[in-house]
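**Q** There's a structure below that I have some questions on.
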Amino acid sequence: MEILAPAGSPELLYAAIAAGTDAVYLGGEFFSARKFAGNFDNLQMKEAVHLCHSRGIAVYVTLNTLISDNEIDKVKEYLRFLDSIYIDGLLIQDLGIAYLANKITPNIPLHASTQMTVSNLAGVQFLESLNFKRVVLSRELSLDEIEYIANNCRAEIEIFVHGALCVSYSGQCLMSSFIGRRSGNRGACAQPCRMPYHLTDDMGRPIKKESGRYIISLKDMSGIQDIERIKKSKVASLKIEGRMKSPEYVYDVVSSYRKALDQDCCTGMEETSQLQKKLEKRFYRGFTSAYYHDDIGADMMTSIIPGNRGIMAGTIEKINQYSFLFKNIVNISQEHITGVSYVTSDYKIAFISEKNINKVNGNIYQCLMQKKPLDKSHIYWHIKERKYNINREKLQGKTIIDFSVFAAVGSPLTLIASDRNNHSITIRSSYQCEKANKHVASLKDVKEQLMRLGGTPFLLGDLKLKNKECMIPKSILNTFRKEAVHHLSNCIEKDFVKSTHNFSDKIIPLPNIQTTTFSMKPEISIRTEQIEQVKSALKAGCKEIIFGGDSYHHQVLSVSKYKEALELVKNANGRIIFATPRVLREKYSKEYLLLLSDIAKLKPDAIEVSFLGILNWYNKYIKDIPLVGGSSLNIFNKEGLNTIARLGMSGVMLSPELTIKQIAYMTTNTTIPIGITAFGRSEMMISEYCVIESVITGDKKKKCPGICLRHHYNLKDEQGRLFPIRTDEWCRMHILNSKVLDMRPYMNKLIQAGVHRIHIDARAIEGDIYKITRSFVDILSGDAPLPKVDSNATITRGHFFRGVL
Numbered sequence: 001m002e003i004l005a006p007a008g009s010p011e012l013l014y015a016a017i018a019a020g021t022d023a024v025y026l027g028g029e030f031f032s033a034r035k036f037a038g039n040f041d042n043l044q045m046k047e048a049v050h051l052c053h054s055r056g057i058a059v060y061v062t063l064n065t066l067i068s069d070n071e072i073d074k075v076k077e078y079l080r081f082l083d084s085i086y087i088d089g090l091l092i093q094d095l096g097i098a099y100l101a102n103k104i105t106p107n108i109p110l111h112a113s114t115q116m117t118v119s120n121l122a123g124v125q126f127l128e129s130l131n132f133k134r135v136v137l138s139r140e141l142s143l144d145e146i147e148y149i150a151n152n153c154r155a156e157i158e159i160f161v162h163g164a165l166c167v168s169y170s171g172q173c174l175m176s177s178f179i180g181r182r183s184g185n186r187g188a189c190a191q192p193c194r195m196p197y198h199l200t201d202d203m204g205r206p207i208k209k210e211s212g213r214y215i216i217s218l219k220d221m222s223g224i225q226d227i228e229r230i231k232k233s234k235v236a237s238l239k240i241e242g243r244m245k246s247p248e249y250v251y252d253v254v255s256s257y258r259k260a261l262d263q264d265c266c267t268g269m270e271e272t273s274q275l276q277k278k279l280e281k282r283f284y285r286g287f288t289s290a291y292y293h294d295d296i297g298a299d300m301m302t303s304i305i306p307g308n309r310g311i312m313a314g315t316i317e318k319i320n321q322y323s324f325l326f327k328n329i330v331n332i333s334q335e336h337i338t339g340v341s342y343v344t345s346d347y348k349i350a351f352i353s354e355k356n357i358n359k360v361n362g363n364i365y366q367c368l369m370q371k372k373p374l375d376k377s378h379i380y381w382h383i384k385e386r387k388y389n390i391n392r393e394k395l396q397g398k399t400i401i402d403f404s405v406f407a408a409v410g411s412p413l414t415l416i417a418s419d420r421n422n423h424s425i426t427i428r429s430s431y432q433c434e435k436a437n438k439h440v441a442s443l444k445d446v447k448e449q450l451m452r453l454g455g456t457p458f459l460l461g462d463l464k465l466k467n468k469e470c471m472i473p474k475s476i477l478n479t480f481r482k483e484a485v486h487h488l489s490n491c492i493e494k495d496f497v498k499s500t501h502n503f504s505d506k507i508i509p510l511p512n513i514q515t516t517t518f519s520m521k522p523e524i525s526i527r528t529e530q531i532e533q534v535k536s537a538l539k540a541g542c543k544e545i546i547f548g549g550d551s552y553h554h555q556v557l558s559v560s561k562y563k564e565a566l567e568l569v570k571n572a573n574g575r576i577i578f579a580t581p582r583v584l585r586e587k588y589s590k591e592y593l594l595l596l597s598d599i600a601k602l603k604p605d606a607i608e609v610s611f612l613g614i615l616n617w618y619n620k621y622i623k624d625i626p627l628v629g630g631s632s633l634n635i636f637n638k639e640g641l642n643t644i645a646r647l648g649m650s651g652v653m654l655s656p657e658l659t660i661k662q663i664a665y666m667t668t669n670t671t672i673p674i675g676i677t678a679f680g681r682s683e684m685m686i687s688e689y690c691v692i693e694s695v696i697t698g699d700k701k702k703k704c705p706g707i708c709l710r711h712h713y714n715l716k717d718e719q720g721r722l723f724p725i726r727t728d729e730w731c732r733m734h735i736l737n738s739k740v741l742d743m744r745p746y747m748n749k750l751i752q753a754g755v756h757r758i759h760i761d762a763r764a765i766e767g768d769i770y771k772i773t774r775s776f777v778d779i780l781s782g783d784a785p786l787p788k789v790d791s792n793a794t795i796t797r798g799h800f801f802r803g804v805l
């Protein structure tokens, strides 16, 4: 089981190595999901790989963003470079890039990024058939689910064990891009989940303000208390998040997990508790392991302070006019703190520096203040950061190297260098040894030159000298040492790369998907889960209905509803596609397969694939039914579109982060119909966490009495925007856009761009679906003119004209 450390810069890389990591992940100058980390240029990356491989450390490179078509040539060049430096794994989100990597650099092991949203065994098994060696699971899975998946797949399983958490399933968040163009799928997330919000009712009135403002800001994951159980699993890699943290943070976290992983299980609990306290002093917004234990609820949230809040110091006991008193509950020396933070009476965060804090009696401290605190507010110590001086020259070597030196008059000087893993090299000089006139080289003389291994991956072990009365020039010994380090490093690196590139010879076949030829003529399509909306859309002239999938009304759609929808559509000579959920956790797989099997027997015209596991189930559960790809597959370039077609899908919805210009390029010469969403409230996030339950009850999600069924709720941000919240049949939260996407004034541009399916998402629309659908149908047929473009503040054009960063 490896520890996988973040290396957002060379400084973080050195910290990770010094702390004892087994592997690192890092990004290049482009295409990395941490666009604003230091990252590595090509020369730095080549040096990083050499540095790590010579120490037996694996290097995985992140290419885990969606790639636009104008970047494809650069990606191809980058892939060839990565192949030339023998990286040990490539993290990928984009299906099109996975195809390119398999084609251009088949020797690089592929790792499926958490951005691919793999949350069940079926998804892992499908990716195995695409030649993925490793899969990074969604962070939302419990340890029970993780263990089940790891026990039943061939691919290596990687899980997150420590660091920042996204409140949305990774790869399924559009909130940052729709608010400010900074796309999480492109490595530029602006972290809107760390911003303050109110939960409001359907009238926009705040609910329970006292619960705090940071109500979708998750605490950091910490799995160190669960390390004993994790050690017993078949998980291959424990991933630490933190490519934008400090070297000190990386060192402390990696070294703590190194100790926890290596320690004796009999003393584990006590040790891990102490290690966790150490980690709290480095960076602490609160720790949670709620996902591991399927114990989701209010306690996961930072609520009051979304950033590094320090460690809990105590609670305010008395508030005076210019100061307050609190009782310190932790054993900490005042010289180690920089101050305290607290929550003000208007729910803001205030900081008091150490010079305004005085110990007055025992553990009672007085703090001079400018802003009045909230009554009984928690107080947090801010800890002075302990700095480490970690650089490449000071890295400790990991490998013992033994030298044997042979000198005989008239013969070449010979050196044999070997490690203790059967790597050995022999170097002979062109210099012929001469008899010493005054001083015969001693063991001490030779050792003085050969022991200078600082900055290399080696430490001197045994040294043997067999010298027959010869003098040995220091310059030759120095040259021998450098050559030995170079050649032995190459031997070690070569063997290490061979061990990390151990592909299975067994080829896993892709499913043989039934294809069909859908119309390439532009049509209106509607997505709904309500029978009344199906009737209205058909009456308005819509000929394609996408039905089901995630319910926005917190109820399971029965087979009878699917059947009713199918009969209505068939009677109207239309086409019906049954949708799958956007995300399906392993714990719900058996339950969902029963439904999937039953609705497949109804023989819809197609099934929309929203998560990759469906493809693994195809032959057994939905054979002979055509498939189309959903927008959650994040098809962002022509390579991705062609990959969808190669897999046998008969159509696809493109990523909502594309511009019309990008779409036009992708649709040229396509063989399958292309769809885009042109109307509806775009889904910003899908989350296992439910803010409604958390704020109103302050308890665990599993204890929720169904609060979301009583009213409609919203998130209200600092600008006053209201983001509607819907909950599905699995109690997941869906956050929708504050504005309604409406592309009716630009229908002609969509058609000119080659779009074949102009899609209405009716699931969260309260208006007249007949009227909305009819307007689209009439505009498309030419029976109605394009509406005038207005500046309605409640309407958005999405990314069709502005794109994403």
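Numbered according to full-length UniProt numbering, the sequence shown spans residues 1 to 805.
Yeah, the Cβ is synthetic: ideal placement off N, Cα and C, and Gly gets one too.
1. For SER303, which residues from the same chain have a beta carbon less than 6 Å from its beta carbon, with the 5 sequence-adjacent residues on both sides left out?
2. Any idea if LEU443 is buried or exposed, counting beta-carbon neighbours within 10 angstroms, 16 or more meaning buried?
3. Taking only runs that begin and end inside the segment 207-237, name each unbroken beta strand (DSSP E) of 3 or more residues, in chain order.
4. For GLU688, which option in LEU165, THR426, ARG392, GLU47 has the closest C-alpha, if you only look at C-alpha atoms?
5. Along the chain, where does the beta strand (DSSP E) that runs through GLU11 open and close?
6. What span of residues does the alpha helix (DSSP H) with TYR257 cover, start to end?
7. Given that a residue counts as buried once 16 or more other Cβ atoms are within 10 Å of its Cβ, and exposed if not, what is TYR169?
8. Determine, using beta carbons only, whether VAL628 and GLU657 come nearer to each other than 8 Å.
9. Please state the DSSP three-state secondary structure of PRO745.
10. If you run the structure through DSSP and keep just helix, strand and coil, what is TYR342?
11. Cα-Cα, which of TYR552, VAL440, ASN421 is closest to CYS491?
12. Within 10 angstroms of the Cβ of GLN334, are there 16 or more other Cβ atoms? Answer buried if so, exposed if not.
13. Tell me, please, which residues DSSP counts as bridged to ALA408.
14. Would you mind reading off the limits of the alpha helix (DSSP H) that contains PHE351?
15. Going by DSSP, which residues form a beta bridge with PHE160?
16. Do the segment 709-727 and the segment 626-645 make contact, defined as three or more Cβ pairs closer than 8 Å?
17. Roughly how many angstroms separate the alpha carbons of GLN530 and GLY549, rounded to a whole number?
18. Buried or exposed for ALA537, please, with buried defined as at least 16 other CB atoms from any protein chain shown within 10 angstroms of its CB.
19. What's the gap between the Cα of HIS382 and the Cα of ILE352?
20. If distances are taken between C-alpha atoms only, which option among ASN467, LEU459, GLN449 comes closest to residue 812?
21. What is the rounded straight-line gap between the Cα of LYS277 and the Cα of THR399?
22. For VAL124, which residues does DSSP report across the bridge?
23. What does the alpha-carbon distance come out to for the pair THR479 and TYR284?
24. If distances are taken between C-alpha atoms only, which option among VAL446, TYR25, GLY314, LYS133 comes closest to GLU241?
25. Just mark GLY675 as buried or exposed, buried being the case when its beta carbon has 16 or more other beta carbons within 10 Å.
26. Between the Cα of THR414 and those of LEU654, LEU715, HIS293, ARG428, spot the shortest distance and give me the residue it belongs to.
27. Between the alpha carbons of VAL235 and LYS133, how many angstroms are there, rounded?
28. Are there three or more Cβ pairs, one per stretch, closer than 8 Å when the segment 359-371 is compared with the segment 220-233?
29. Write down the C-beta distance between ILE577 and ASP598 rounded to the nearest angstrom, noting that I regard them as a contact closer than 8 Å.
30. Relative to the C-alpha of GLY96, which candidate in GLU639, THR105, MET649 has its C-alpha closest?
31. Report the partner residues of HIS198 according to the DSSP bridge assignment.
32. Under 8 Å, do GLU248 and LYS387 count as touching if we go by C-beta distance?
33. Who are SER687's beta bridge partners in DSSP?
34. Only counting the same chain, and skipping five residues up and downstream in sequence, which positions put a Cβ closer than 8 Å to that of MET441?
35. On the DSSP letters alone, give me the boundaries of the beta strand (DSSP E) that ARG428 sits inside.
36. If SER256 sits next to ALA23, beta carbons under 8 Å apart, how far is it from one beta carbon to the other, in whole angstroms?
**A** From the atom records:
1. Result list for SER303: GLY212, TYR214, in chain order.
2. Classification of LEU443: exposed, given that the 10 Å Cβ count is below 16.
3. The segment 207-237 contains these whole beta strand (DSSP E) runs: 214-218, 220-222.
4. The option with the nearest alpha carbon to GLU688 is LEU165.
5. Per DSSP, GLU11 belongs to no beta strand (DSSP E); it is in the alpha helix (DSSP H), 10-19.
6. Element bounds for TYR257: 247-262.
7. TYR169 counts as buried, since no fewer than 16 other beta carbons sit within 10 angstroms of its beta carbon.
8. Result no, Cβ atoms of VAL628 and GLU657 do not sit closer than 8 Å.
9. PRO745 falls in the helix class under three-state DSSP.
10. Strand at TYR342.
11. Proximity to CYS491 across TYR552, VAL440, ASN421 peaks at ASN421, based on C-alpha coordinates.
12. Sixteen is the threshold: since fewer than 16 other Cβ atoms of the shown chains lie within 10 Å of the Cβ of GLN334, the residue is exposed.
13. ALA408 is bridged to LYS468.
14. DSSP places PHE351 in no alpha helix (DSSP H) but in the uninterrupted beta strand (DSSP E) bounded by 349-353.
15. Bridge partners of PHE160: LYS239.
16. They do not touch, by the three-pair rule.
17. For GLN530 and GLY549, the distance between alpha carbons rounds to 11 Å.
18. The residue in question, ALA537, is buried, as its Cβ has 16 or more Cβ neighbours within 10 Å.
19. If I take the Cα positions, the gap works out to 10 Å.
20. No answer is possible for residue 812: it lies beyond the span of the chain, which begins at 1 and ends at 805.
21. Approximately 32 Å between the Cα atoms of the pair.
22. Note: VAL124 sits in no beta bridge, so no partner.
23. In a straight line, the C-alpha of THR479 is about 49 Å away from that of TYR284.
24. The option with the nearest alpha carbon to GLU241 is TYR25.
25. Answer is buried; the Cβ neighbour count reaches 16.
26. Ranked by how close their Cα comes to the Cα of THR414, the residues LEU654, LEU715, HIS293, ARG428 have ARG428 in first place.
27. Each residue's alpha carbon lies about 13 Å from the other.
28. Taking a contact to require three or more Cβ pairs closer than 8 Å, the segment 359-371 and the segment 220-233 do not qualify as touching.
29. Going by Cβ atoms, the distance from ILE577 to ASP598 rounds to 16 Å, so no, they are not a contact pair.
30. Residue GLU639 is the option with its Cα nearest to GLY96.
31. The beta-bridge partner set that DSSP reports for HIS198 consists of LYS716.
32. Between GLU248 and LYS387, the C-beta spacing is below 8 Å.
33. Partner residues in the beta bridge of SER687, as assigned by DSSP, are MET733.
34. The sequence shown places Ala at residue 441, not Met. A distance below 8 Å between beta-carbons, with the five flanking residues on each side excluded, links ALA441 to the following residues of its chain, in chain order: ALA407, LEU465, ASN467, CYS470, MET471, ILE472.
35. Here the beta strand (DSSP E) through ARG428 covers 424-432.
36. Their Cβ separation, rounded to whole angstroms, is 17 Å, which puts SER256 and ALA23 out of contact at 8 Å.
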